Amino acid sequence: MSQQTPNIPTPQAIRGTQDIFGADAEAFAFVVETFERVRKLYRFRRVEMPVFEKTAVFSRSLGETTDVVSKEMYSFEDRGGESLTLRPEFTAGIARAFITDGWQQYAPLKVATHGPLFRYERPQKGRYRQFHQLDAEVIGAAEPQADVELLVMADQLLKELGIADGVTLQLNTLGDGASRDAWRAALIEYFRAHAAELSEDSQDRLERNPLRILDSKDPRDKVFTGNAPKIDDYLSAEAQDFFGKVTSGLDAAGVDWTRAPTLVRGLDYYRHTAFEFVTDRLGAQGTVLGGGRYDGLMEALGGPATPAVGWAAGIERLAMLVGGESVNFDPTPVFAIVPDSPSMRDEADRIAAHLRSVSTRPDRNSDYYIWTSFKGQGKKLAEKAKKEKVDAILFVREGEKPEDRLHLTNVKGSQGDAMDDLFNILARLPAPYTSLSGEG
RNA sequence: GCGACCGUAGCUCAGCUGGUUAGAGCGCCGGUUUGUGGUACCGGAGGUCGGGGGUUCGAACCCCCUCGGUCGCCCCA
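The numbering of the first sequence is my numbering, which starts it at 730 and goes up by one.
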C-alpha cells in the first residue's frame, strides 16, 4: 500500500454524512429497488425534485417555530443574495411544484420520489445530517380512501422488504382544523395547571408545541399524560366519520394497526390521519415510516386549498432492518474468468467480453455476472475469485483442442440442476468452445 | 443545544498500577508448496499511539483544550 503524502492533510468527511459501501450499500439499493417496484405497482408517478429551494418554501410550510426550521436547516445565501435551503424534507418542495408547475391539472396526483435530505442534528443511530428517504404523496384527494391506499402501499413495502415482523402501524387522527384547535386549547389548559411539575422540556413545549407533551418520555410528564384531554372528545362528526372510513378501509385490506391516541405530528401542517410504522429494533430511532394528511399545507404556500396525504421512510433505517452480511439480495450466479497462464490473458478477456455481451435478457436483467481481474493468473487469481464469492470459476488454459482449454469449477458446491444451469450458460460461448470439461 | 462512553497499523483489537527499539490476527506485497469444494509454510512493507498544550527524570497510559466516533436527551423519518 502506498504511503500518504506527508504534510498534506486529508480533508475529513462532513460530520453526519456517510460513505456507504459493501453490504450496507447493497441493502440500501435493495430498499430503493423494492420501493420502485411497489410504487409502480400502485401507479405512483416518479418525480425528481431539486435538492434546494428558497428558504420560504420550508419556513412557511413547516412553521417558523418548529425545531426543523429554527435550528436544523442548512440555509445559505447564493451569489445573488437569495436565501436558499437544502431540503430537510420532501413534502414542502412537492407542494411548491404542485402549485408552480400546474400539476393541479393531474389531481388527484400520486407521486413518489427518493433521495437525500439535510438536517443539522446531532448524529446518532439511524440519524444523519445527510440522510435519505423514500417518499409517497397523494395530492388533491380529500377521500379517506387515499389515506388507505397510501397505508396499504406502505404495509406492502415493508412486507416485501421482509421486515414487517416486529413493525407495528400506529394510527391516530388529529381531526380537522377546528377539532385540532379545540383539542390543542384543551391540552394547553390542562397542562398549564400542572406546569410546575412538568419536565423543563415540556414546560417549553407548552408554549411552542403542546401536542408533543403527549409522547414525552420523561416520567414526570407521563404522570399527567394519561388523564390529558383526548382528541376523540373534540372530533367533529365529519372528522370522526373520516377516521372511521380509514380504519375500516385498513381492516378490509387486511392491514394490522393499533390506535395510538398520543401519536402526534411535529409539523404544523398535519390534519386528520397521522401514522407511524414503529419497530423496537432500532433503539431510539424506532420510527421507520411516518406521515399523515396535510390539508392545510397548500394554502400556507399561497396555493389553492388542496387536500393531500403522504408519508416518508428513512432508507438507512429500513436498510438496517434488512441488513446483515448474510442476506443475499441477488441470487444471480457469478462466474470468474481466470487465465491459467499469462499467455492466456487475451483469450480469457475475449471470452469474458463475449459472455457479457450476450448476458442480457428481454427483461433487461442479467442471467449471470462475470468477474474478472486486471492482473494475475492461475492459483492466486482463483483464490482471489473465491474471496469475491463467485459461484464458479472458468479456467482458460493452454491446450491443443478447444475443449481442453476451458475448465469449469464449481466453487459453492451446487449440484445437479444448479450445475447444469451453469453449464447451459456457457453453451453461449463462441464457436470454438462448443464443449468444456468441468466438475460439480 | 445537553449528557455518557470511546479514538493505538488499511481493518478488528491487545498494551499490566506511566518505565528501555509499540504488539497480534486479518488484509496487502514477494516467494516456496499445492492444480483449484475458501491450501500450508517462509519473508516483507506499513504506526506523528486523532490533533494541540500541560504534569513528570520519563506519557499510548495522568490533566486541560480541540476534532472525530458511538449511544441517549431534544427533534424527527
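All C-beta atoms in this analysis are idealised placements derived from N, C-alpha and C, irrespective of residue type, glycine included. Small disclaimer: the values here were computed from a predicted structure and weren't measured.
By the neighbour-count criterion, in which a residue is buried when 16 or more other Cβ atoms sit within 10 angstroms of its Cβ, Thr1089 is exposed. Around the CB of Gln853, fewer than 16 other CB atoms lie within 10 Å, so the residue is classed as exposed. Taking 3 residues as the minimum length, the segment 746–772 contains no beta strand (DSSP E) run wholly inside it.
Under the DSSP assignment, Glu1076 falls in the alpha helix (DSSP H) whose first and last residues are Arg1074 to Ser1086. Non-local C-beta neighbours of Asp876 in its own chain, meaning closer than 7 Å and more than five positions away in sequence, comprise Val975, Thr1002, Arg1022 and Val1038, ordered along the chain. The beta strand (DSSP E) runs lying completely inside the segment 768–812 and spanning 3 residues or more are 781–783 and 804–806, given in chain order. In chain order, Lys854, Gly855, Val1017, Arg1046, Met1049 and Leu1050 place their CB closer than 8 Å to the CB of Leu1011, counting only its own chain and leaving out the 5 sequence neighbours on each side. Here the alpha carbons of Tyr1098 and Ala1081 stand approximately 10 Å from one another. Residue environment: Thr987 is assigned as exposed (fewer than 16 neighbouring CB atoms within 10 Å of its CB, all protein chains considered).
Less than 8 Å divides the Cβ of Val1119 from the Cβ of Val1063.
The residues Val767, in chain order, have a CB closer than 7 Å to that of Gln885 in the same chain once the five nearest residues on each side in sequence are set aside. Ranked by Cα distance from Leu996, the first of Gly1019, Thr814, Phe773 and Pro1033 is Gly1019. The beta carbon of Leu791 sits closer than 6 Å to the beta carbons of Val797, Val798 and Leu996 from its chain, once the five residues preceding and following it are set aside; these are given in chain order. The beta carbon of Arg937 is closer than 7 Å to those of Thr794 in its chain, skipping five residues each way along the sequence. Here Ser1070 has Gln1106, Gly1107, Arg1126 and Glu1127 as same chain residues with Cβ atoms under 8 Å from its own Cβ, once five neighbours each way along the sequence are excluded.
Taken through DSSP and simplified to helix, strand or coil, Leu838 comes out as strand. For Leu916, the number of other beta carbons within 10 angstroms of its own is at least 16, and it is reported as buried. Trp912 is not bridged by DSSP to any residue. Asp864 is bridged by DSSP to Thr842 and Ala1041. CA-CA distance, Gly1043 to Arg913, rounds to 29 Å. A Cβ-Cβ distance of about 6 Å is found for the pair Ala836 and Ile868, placing them in contact under the 8 Å criterion. Between Tyr803 and Phe847, the beta carbon gap of about 5 Å places them in contact (Cβ cut-off 8 Å). Taking C-beta separations shorter than 7 Å and ignoring five residues to either side along the sequence, the partners of Gln862 in its chain run Phe819, His843, Leu846, Ala1041, Ala1042, Gly1043 and Ile1044, following chain order. Beta-carbon to beta-carbon, Ile823 and Val761 are separated by about 18 Å, too far to satisfy the 8 Å threshold.
Residue burial is scored here from C-beta neighbours: Ile743 has fewer than 16 other C-beta atoms within 10 angstroms and is therefore classed as exposed.
For Leu898, the enclosing beta strand (DSSP E) stretches over residues Val896 to Thr902. Annotation: Leu770 to Gln834 spans about 23 Å, alpha carbon to alpha carbon. Gly955 and Asp1092 have their C-alpha atoms spaced approximately 56 Å apart. Counting the other Cβ atoms within 10 Å of the Cβ of Pro873 gives 16 or more, which makes it buried. Taken atom to atom, the span from the alpha-carbon of Gln859 to that of Gln747 is near 8 Å. Here the segment 923–931 does not lie against the segment 965–972, with fewer than 3 beta-carbon pairs under 8 Å apart. Apart from the 5 residues on each side of it in sequence, Phe787 sits with its Cβ closer than 7 Å to the Cβ of Val798, Met802, Thr814, Pro817 and Ala821 in its chain, given in chain order. Assignment of beta-bridge partners to Trp1100 by DSSP yields Ala1065. With distances taken between CA atoms, Gly809 lies nearest to Lys783 out of Ala826, Arg789, Lys783 and Ile828.
In this structure, the alpha-carbon of Gly751 lies about 26 Å from that of Val896. When the alpha-carbon of Ala1156 is set against those of Phe781, Ala1111, Val1087 and Val993, the nearest one is in Val1087.
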